[in-house]
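J.:
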Amino acid sequence: MLTVRAPATSANLGSGFDVFGVALGTPADVVRVERASRTTITVTGAGSQYIPEDPDKNTVGAVAEALDAPARIRIDKGVRPSSGLGSSAASAAAAAVALNELYDRGRSRAELVPVAAEGEALVSGEAHADNVAPSLLGGFTVVTDDGVTHVDASVPVVACLPDISVSTRDARGVVPDSASMDAVVDTVGNAATLTVGMTRNDPVLVGKGMEDEIVTPERTKLIDGYERVREAALEAGATGVTVSGAGPGILAVCHRRNQRAIASAMVDAFDAVGVESRAYQTAVGEGATLYRDDS
Ligand SMILES: Nc1ncnc2c1ncn2[C@@H]1O[C@H](COP(=O)(O)OP(=O)(O)O)[C@@H](O)[C@H]1O
Ligand SMILES: N[C@@H](CCOP(=O)(O)O)C(=O)O
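Under the numbering used here, think of the first position of the sequence shown as 616, with each following residue one higher.
Now the structure itself:
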C-alpha cells in the first residue's frame, strides 16, 4: 500500500487568475492506494458526504483512468470540498503521485500536472492546473500553456474558511469576458510585484501584488461578509487579502508576528455577519509527500 499526503492550495492570488497558486502547510488530503483489477473509491473526513465515490465522478477516478492505473483508493479528506482551498485538486494530486509510483509510470512531478488536472476538468468544466501544480510541486507555481514554473517560497498566511459553499463551476460563471486595457496594465504590474515578492519571501510585496480589479470584485459578491473580513484582516496587520481560488475561502498574507491576531479578526468578522468560519494559520509550504507502508 502507498500513502500520499497532498496539501490544500490557494489559486489565483488575486492578480494571477488561472495562473498563480501556492501550496499551504495545512490542511491536506491523505490518499491510500492498492493495486486492483478495477478502480473503487471510498471517502472519509471533511465534507465526505458531498463527495461522490463513483470513479466517473471523483477527481481521483479521472487520474486513475489517465494513468491506466486501476486501484482500490481510500481518500481521507482534510480539505473540505467547495472551499476555495483546492479540495478536489488535493485528492487528484495525491492520487497522481500514488498511482504513478504504484504502477511505476515514471512521470516527473511536472509531468503529473496535466494528469491531475484531468480531475479538475471533471468537476469544474475546465482542466485549470493552478491548484494541482502547487499541490504536486509545493511553493509558488506559475502555470501557462507552456508548462509550470516553480519557486520554493515560504510566506506566512491565514486561510479563513467560512461555513458556506461556492462551487468552482459556479464561480467561473461570473468571470468577466473582457477587461479594459487600464485594468490589464494594473494587473500585470501587480502580478509582477507578487512574483518578485515570492522569490524574496517578502509578505509586503506579495500582499501588494494580490490586488486585482478584474475577476476578484465579481467573486467577492458570492461571499457573505467578504468586505468586513478583508477590512478586519488588514486592520490586524495583513499585508494583502484576496479570495482564495474561487472562494469562499479568504487568503490573508502577513508577517508571522501578526498571524494569530489576523486569524481571530477574520473569524470574528465572519461571526458578526452570522457566518461560522475556521482560520488556518499556516504558510506557503511543501507539495505532496509519499509514504510507503508495507504492513
Ligand atoms: N476527491 C474529491 N475531493 C473533493 N471534491 C471532489 C472530489 N471528487 C469530486 N469532487 C467534487 O468536486 C466539487 C468540489 O470541487 P470545487 O468546486 O473545485 O471546490 P474546491 O475549491 O474545494 O476544489 C464538489 O462537487 C465535489 O463533490
Ligand atoms: N483558477 C481557478 C481556481 C479554483 O480554485 P478552487 O480552490 O476554488 O477550486 C478559478 O479561479 O476558477
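A virtual CB, placed ideally from N, CA and C, is assigned to each residue, including glycine.
Given the structure is predicted, the values throughout are model-derived calculations rather than measurements.
Determine whether the beta carbon atoms of R845 and V830 lie at a separation below 8 Å.
T.: Cβ atoms of R845 and V830: not closer than 8 Å.
J.: So, for D908: in the same chain, excluding its five sequence neighbours on each side, which residues have a beta-carbon less than 6 Å away from its beta-carbon?
T.: Answer for D908: M616, T618, listed in chain order.
J.: Report all residues from its chain with a CB closer than 7 Å to the CB of V778; omit the five preceding and five following residues, and keep chain order.
T.: With the sequence shown as reference, residue 778 is identified as Asp, and Val is not the correct amino acid for it. Closer than 7 Å at Cβ, skipping near neighbours: V890, E891, S892.
J.: Between G636 and ligand 1, is the CB less than 7 Å from at least one heavy atom?
T.: Outside the cutoff, so no.
J.: For ligand 1, is there any heavy atom lying closer than 7 Å to the beta carbon of S698?
T.: Checking the Cβ of S698 against ligand 1 gives yes.
J.: Taking 7 Å as the cut-off, is the CB of P622 close to at least one heavy atom of ligand 1?
T.: No; taking the cut-off as 7 Å, the Cβ of P622 has no heavy atom of ligand 1 nearer than that.
J.: Based on the DSSP secondary-structure assignment, which residues constitute the bridge partners of C775?
T.: Answer by DSSP bridge pairing, in chain order: I865, A894.
J.: Would the C-beta of N746 count as close to ligand 2, meaning under 7 Å from any of its heavy atoms?
T.: Answer for N746: yes, Cβ within range of ligand 2.
J.: Report the CB separation of T897 from T641 in whole angstroms; it is logged as a contact under 8 Å.
T.: Yes, they are in contact, since the Cβ atoms of T897 and T641 sit about 5 Å apart, within 8 Å.
J.: Candidates Y895, E842, G631: which alpha carbon is nearest A887's?
T.: For A887, the nearest C-alpha among the options comes from E842.
J.: Taking the Cβ atom as the reference point for each residue, do V790 and E826 lie within a distance shorter than 8 Å?
T.: Against a cut-off of 8 Å, the Cβ pair of E826 and V790 comes out as no contact.
J.: Please find out if some non-hydrogen atom of ligand 1 comes closer than 7 Å to the beta-carbon of G824.
T.: Checking the Cβ of G824 against ligand 1 gives no.
J.: Take the Cβ of K672 as the centre, count every other Cβ of all protein chains shown within 10 Å, and call the residue buried at 16 or more, exposed below.
T.: So K672 ends up on the exposed side.
J.: Is the closest heavy atom of ligand 1 to the C-beta of R872 under 7 Å?
T.: Incorrect: R872 has no Cβ contact closer than 7 Å to ligand 1.
J.: With distances taken between CB atoms, is the gap from A926 to V763 smaller than 8 Å?
T.: Residue numbering for the chain in the displayed model covers 616 to 910; residue 926 lies beyond these limits and cannot be assessed.
J.: Tell whether a beta-carbon distance below 8 Å holds between A643 and A686.
T.: No, they are not a contact pair.
J.: Given a cut-off of 8 Å on the beta-carbon distance, is the pair A751 and G902 in contact?
T.: Residue identity differs from the one stated: residue 751 is Leu in this sequence, not Ala. Result yes, Cβ atoms of L751 and G902 sit closer than 8 Å.
J.: Pull up the distance between the alpha-carbon of V800 and that of A794, whole angstroms please.
T.: Rounded to whole angstroms, V800 to A794 spans 10 Å at the Cα level.
J.: If we call anything under 8 Å between Cβ atoms a contact, is V858 one with I877?
T.: Against a cut-off of 8 Å, the Cβ pair of I877 and V858 comes out as no contact.
J.: Near P818, which residues of its chain fall below 7 Å by C-beta distance, leaving aside the five closest residues on each side in sequence?
T.: Hits under 7 Å: V770, P771, T854, V868, C869, H870.
J.: Taking 7 Å as the cut-off, is the beta-carbon of D633 closer than that to any non-hydrogen atom of ligand 2?
T.: Result yes, Cβ under 7 Å from ligand 2.
J.: Which residues mark the beginning and the end of the alpha helix (DSSP H) in which E846 is found?
T.: 841-850 is the extent of the alpha helix (DSSP H) around E846.
J.: Give me whichever residues DSSP pairs with V747 in a beta bridge.
T.: None; V747 has no bridge partner.
J.: Taking the C-alpha atoms as reference points, what is the distance between P729 and D767?
T.: Roughly 20 Å between the two C-alpha positions.
J.: Rounded to the nearest angstrom, what separates V658 and R647 at their Cα positions?
T.: If you take the alpha carbons of V658 and R647, they lie about 11 Å apart.
J.: Between F635, P622, S625, which lies nearest to N805 when the distance is taken from Cα to Cα?
T.: Selected option, being the one with the closest Cα: F635.
J.: Spatial neighbours of P670 within its chain, please: CB distance less than 7 Å, with the 5 preceding and 5 following residues excluded, ordered by chain position.
T.: Cβ neighbours of P670 beyond the five flanking positions: T654, I656, G676, A679.
J.: Quick one: residues in its chain with C-beta nearer than 6 Å to the C-beta of G822, no 5 flanking neighbours on either side, listed in chain order?
T.: Here the set comprises T854, G855, V868.
J.: Hey, which unbroken runs of the beta strand (DSSP E) at 3 residues or more fall wholly within the segment 716-748?
T.: DSSP runs (the beta strand (DSSP E)) wholly in the segment 716-748: none.
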